[in-house]
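Quick notes on the structure that follows.
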Amino acid sequence: MLEARLEQAAVLKKVVDAIKDLVQDCNFDCNDSGIQLQAMDNSHVALVAMHLKTDAFSPYRCDRNIALGINLASLQKVLRAAQNDDLLTLKAEDAPDVLNLVFESAENDRIAEYDIKLMDIDQEHLGIPDTEYAATVTMPSSEFQRICRDLNALSESVSIEAAKEGIKFSCQGDIGSGAVTLRQNNNVEKPDLSTIIELNEPVGLTFSLKYLVNFCKASSLSNTVKLSLSAEVPLLIEYKMESGYVRFYLAPKIGD
Amino acid sequence: GGQQGNIMSFFQKK
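Chains as they are written, first to last, in the numbering used here: chain Y, 250 to 505; chain B, 1173 to 1186.
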């Protein structure tokens, strides 16, 4: 059986908010390394991979591998009943029909209990190779979100160019064009505001902004976001959590 | 511009 308790329900709420517009139904795979999820969007352009490690939970107990097939809209409905700082316990039997969620507020001794019906989801798992990227850029997640939103007002795609001096996001649309450049800067006092570029070689790629705007819904998970780019491989966008991550992979546009 | 790539052409099925 599975029994996993999060100190803060907000963690799961944010994870679900981050992926629910990309993926409708998916398996939460529970095993002795924690709870993992891997799913593609309907059009097979993007892939999300999530891992909440056992450290994220206290206690964490999972005797055998369990796949919890969940409709994310349903999960979100139930999670709306939880306060951000409620304790959240997930429980399931070994071959479960339902996932049991208990929200406990320490302050007023309120205990809320919900069951969500599970579904059988036949999901393909893709092997994601370890990649040495041409460029890895760490920047404030709010800044990335703002850039994607602003450029999406002009165009449906963005070109991202990473060089030693900085990272440039640019687009061209019917009404005109736009570009935002972040210079590499190391903010010692507020490290989360830094833009750090690790460069093997300069790289430029074009991506659909619709997906990037969607990924930015994970911004509340982390103050920083890491973009990893290489020619002709999917862009990796990673939001790190205290004990885990949400990673998005986006196939590049080709033939530009 | 450009044609959208498919993620499955980059990652192999397990």
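Note that the Cβ used here is the ideal one computed from N, Cα and C, for glycine as well.
> What is the residue span of the beta strand (DSSP E) that ASN401/Y lies within?
Replying inline: Locating residue 401/Y in the first sequence gives position 152, counting from the first residue. In the DSSP assignment, ASN401/Y falls outside any beta strand (DSSP E) and within the unbroken alpha helix (DSSP H) covering 390-401.
> Is there a Cβ from chain B that is less than 7 Å from the Cβ of HIS293/Y?
Replying inline: Working through the first sequence from its first residue, we reach residue 293/Y at position 44. Output row for HIS293/Y: interface = yes.
> In terms of residues, what are the limits of the alpha helix (DSSP H) holding LEU458/Y?
Replying inline: Here residue 458/Y refers to the residue found at position 209 when the first sequence is read from its first residue. Where LEU458/Y is concerned, the enclosing alpha helix (DSSP H) starts and stops at 458-464.
> Is the Cβ of ALA480/Y closer than 7 Å to any Cβ of chain B?
Replying inline: Stepping through the first sequence from its first residue, residue 480/Y is reached at position 231. By this cut-off, ALA480/Y is not an interface position.
> Got a sec? Which residues, its chain only, sit under 7 Å from PHE277/Y by beta carbon, not counting five neighbours each side?
Replying inline: In the first sequence, residue 277/Y corresponds to position 28, counting from 1. Excluding positions up to five away in sequence, the list reads ILE284, LEU286, LEU317 and ILE319.
> So, using beta-carbon positions, are CYS279/Y and ALA288/Y closer together than 7 Å?
Replying inline: Numbered from its first residue, the first sequence carries residue 279/Y at position 30. Numbered from its first residue, the first sequence carries residue 288/Y at position 39. In this structure, ALA288/Y does not lie closer than 7 Å to CYS279/Y by Cβ.
> Does the segment 487-501 of chain Y come within contact of the segment 297-307 of chain Y, defined as at least 3 CB pairs closer than 8 Å?
Replying inline: They touch, by the three-pair rule.
>> Considering just the uninterrupted stretch of the beta strand (DSSP E) at ILE360/Y, what are its terminal residues?
In response: Here residue 360/Y refers to the residue found at position 111 of the first sequence. 359-366 is the span of the beta strand (DSSP E), which, as asked, contains ILE360/Y.
> Of all the CB atoms in chain B, is at least one closer than 7 Å to the CB of ILE268/Y?
Replying inline: Your numbering for residue 268/Y matches position 19 in the first sequence. With 7 Å as the cut-off, ILE268/Y does not count as an interface residue toward chain B.
> Which residues bound the alpha helix (DSSP H) around ASP266/Y?
Replying inline: Residue 266/Y sits at position 17 when you count from the first residue of the first sequence. Taken as a continuous stretch (DSSP letters only), the alpha helix (DSSP H) holding ASP266/Y covers 258-268.
>> Check whether the segment 463-470 of chain Y and the segment 364-380 of chain Y are in contact - that is, three or more C-beta pairs closer than 8 Å.
In response: Three or more beta-carbon pairs separated by less than 8 Å are not found between the segment 463-470 of chain Y and the segment 364-380 of chain Y, which leaves the two stretches without contact.
>> Between which residues of its own chain and PHE456/Y is the CB-CB distance below 7 Å, once the five residues before and five after are set aside?
In response: Here residue 456/Y corresponds to residue number 207 of the first sequence, with the count starting at 1. If we look at PHE456/Y and ignore the five residues flanking it on each side, its Cβ neighbours are SER406, VAL407, ILE409, LEU484, LEU499, PRO501 and LYS502.
>> Less than 7 Å between CB atoms is the rule here; does ALA501/Y satisfy it with respect to chain B?
In response: Translated into positions along the first sequence, residue 501/Y becomes position 252. Sequence check: residue 501/Y is Pro here, not Ala. PRO501/Y counts as touching chain B.
> Taking Cβ-Cβ distances below 9 Å as the criterion, which residues of the segment 294-308 of chain Y are in contact with chain B?
Replying inline: Of all residues in the segment 294-308 of chain Y, VAL294, ALA295 and LEU296 have a Cβ within less than 9 Å of some Cβ in chain B.
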